[in-house]
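Residues in the sequence shown are numbered consecutively from 4, following our numbering.
Cβ coordinates follow ideal geometry from the N, Cα and C atoms, glycine included.
Predicted model, so just to flag it, every value in this text is computed and none were measured.
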Amino acid sequence: MIKLKITILLLCLFLPELFLAQSNFETITKVLGTNYEQERKLIITVKKNGNELYKISKKLPSYFSKPEPIVFKNGYSVLIHSLEGKAEFFNNKGIHITTINFLFNKLYNEHKLLYDCKSNSIAMLISENNKNKILLFDSSGNKKDSLQAEDGIAAGIVLSDDSKTLAVSTFNWRGNKIISESVFTDLIKRSALTFPLLFNKGMFDESNKLFTGFTNKNIFNVNLSLKKIFFTKKEEKNKIISDVFYNKNIFFIETDLPLLSNGKWKYNSANIIKIDTKGIPETVQKISTPFYKIIFEKDKNKLLRKTAGSGYLLKIIK
Numbered sequence: 004m005i006k007l008k009i010t011i012l013l014l015c016l017f018l019p020e021l022f023l024a025q026s027n028f029e030t031i032t033k034v035l036g037t038n039y040e041q042e043r044k045l046i047i048t049v050k051k052n053g054n055e056l057y058k059i060s061k062k063l064p065s066y067f068s069k070p071e072p073i074v075f076k077n078g079y080s081v082l083i084h085s086l087e088g089k090a091e092f093f094n095n096k097g098i099h100i101t102t103i104n105f106l107f108n109k110l111y112n113e114h115k116l117l118y119d120c121k122s123n124s125i126a127m128l129i130s131e132n133n134k135n136k137i138l139l140f141d142s143s144g145n146k147k148d149s150l151q152a153e154d155g156i157a158a159g160i161v162l163s164d165d166s167k168t169l170a171v172s173t174f175n176w177r178g179n180k181i182i183s184e185s186v187f188t189d190l191i192k193r194s195a196l197t198f199p200l201l202f203n204k205g206m207f208d209e210s211n212k213l214f215t216g217f218t219n220k221n222i223f224n225v226n227l228s229l230k231k232i233f234f235t236k237k238e239e240k241n242k243i244i245s246d247v248f249y250n251k252n253i254f255f256i257e258t259d260l261p262l263l264s265n266g267k268w269k270y271n272s273a274n275i276i277k278i279d280t281k282g283i284p285e286t287v288q289k290i291s292t293p294f295y296k297i298i299f300e301k302d303k304n305k306l307l308r309k310t311a312g313s314g315y316l317l318k319i320i321k
């Protein structure tokens, strides 16, 4: 039986940012200095199993946004500066290895840097004025591969756990209609499958042959072996999808539209919906307690459930 634990969290913006990385790693980010127009100090603490592994301490240039740290399976890490088009790689002792600049032609062009990391590889989708390319790197910042991507507005990128399949999603406007495209590339055979679907986030199953993708308004599953769409679902106008978990069955959290309350987005209700292996949806729990954020919490690729009684374990932080 699949177990489920749902964690409802309030965003505490005044606390250091905690980011759960791969495996048993986590990172804590601190920025010393509040003036965005001046140079500040950035401190990244990388922990493994709760113990400090190393610290990265460096200068954060003026006008630079706070980077997102990612820890690879081998303990190496990379700092992603999405707005600035920059990636800094460090070894498992926190020593800088290399910096890669994805030079945008013009600073004020419309550009975007999306990425996904699995094991000791990272895939990056670099988009400028809707012209896209894909680069893959190892944990030391060495380029492993490169691909041309379809032109369009970059939406999402997901790398399979074995780093052999890459999913990329883009879309274009045609009049008032959105034309979506998700391309699944076998990086070994250099073959690709294309579906008229859109995702911002997604995940492969353990076999890396099934893929579930979603935005906040739609969810789908495709079978890459059979080259077919298993199911798709679009949300009603007053509903959105906030989180998805996939392991044989698909679970997703469907919430009402949030309302602004004291400067924070507040939700009043949510449904936990299960999609079984036949593609049949079932609402398995209704939540009526107001919250600011709701996510699945998993343990060893399983969802946790209440130890006593019926329903799912909820943790509310106020």
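Residue 167 sits away from residue 152, with the two beta carbons spaced by 7 Å or more. Burial is judged here by how many other beta carbons sit within 10 angstroms of a residue's own beta carbon; residue 84 has at least 16 and is buried. Burial of residue 246 is indicated by the presence of at least 16 other C-beta atoms within 10 angstroms of its C-beta. C-alpha of residue 207 to C-alpha of residue 226: approximately 10 Å in a straight line.
For residue 52, the number of other beta carbons within 10 angstroms of its own is below 16, and it is reported as exposed.
Taking C-beta separations shorter than 6 Å and ignoring five residues to either side along the sequence, the partners of residue 234 in its chain run 224 and 282, following chain order. Excluding five sequence positions before and after residue 154, the CB atoms of its chain that fall closer than 8 Å to its own CB belong to 133, 134, 135, 173 and 175, given in chain order. The straight-line gap separating the alpha-carbon atoms of residue 48 and residue 231 is approximately 44 Å.
Residue 270 has its alpha-carbon roughly 39 Å from the corresponding atom of residue 104. Scanning its chain for C-beta atoms nearer than 6 Å, with the 5 sequence neighbours on each side dropped, one finds around residue 113 the residues 132, in chain order. Along the segment 106-151, the beta strand (DSSP E) occurs as fully enclosed runs of 3 or more residues at 114-121, 124-131, 134-141 and 146-151, listed in sequence order.
Leaving aside the five residues that flank residue 161 on each side, the residues in its chain whose CB is nearer than 6 Å to its CB run, in chain order, 119, 170 and 205.
Residue 257 has its alpha-carbon roughly 12 Å from the corresponding atom of residue 240. The shortest C-alpha to C-alpha distance from residue 181 to any of 156, 261 and 82 is the one to 156. Counting only runs of 3 or more residues that sit fully inside the segment 172-221, the beta strand (DSSP E) segments are 180-189, 194-198, 204-207 and 213-217, in chain order. Here the alpha carbon of residue 191 sits roughly 11 Å from the alpha carbon of residue 165.
For residue 45, the enclosing beta strand (DSSP E) covers residues 43-51. Excluding five sequence positions before and after residue 44, the CB atoms of its chain that fall closer than 8 Å to its own CB belong to 34, 35, 36, 60, 61, 62 and 63, given in chain order. Rounded to whole angstroms, residue 288 and residue 279 show a C-alpha spacing of 15 Å. Linking residue 263 to residue 297 through their CA atoms gives a straight-line distance of about 16 Å. Judged by beta-carbon spacing, residue 253 lies beyond the 7 Å limit of residue 236, meaning their Cβ atoms are not closer than that value. Look at residue 294 here: in three-state DSSP terms it is strand.
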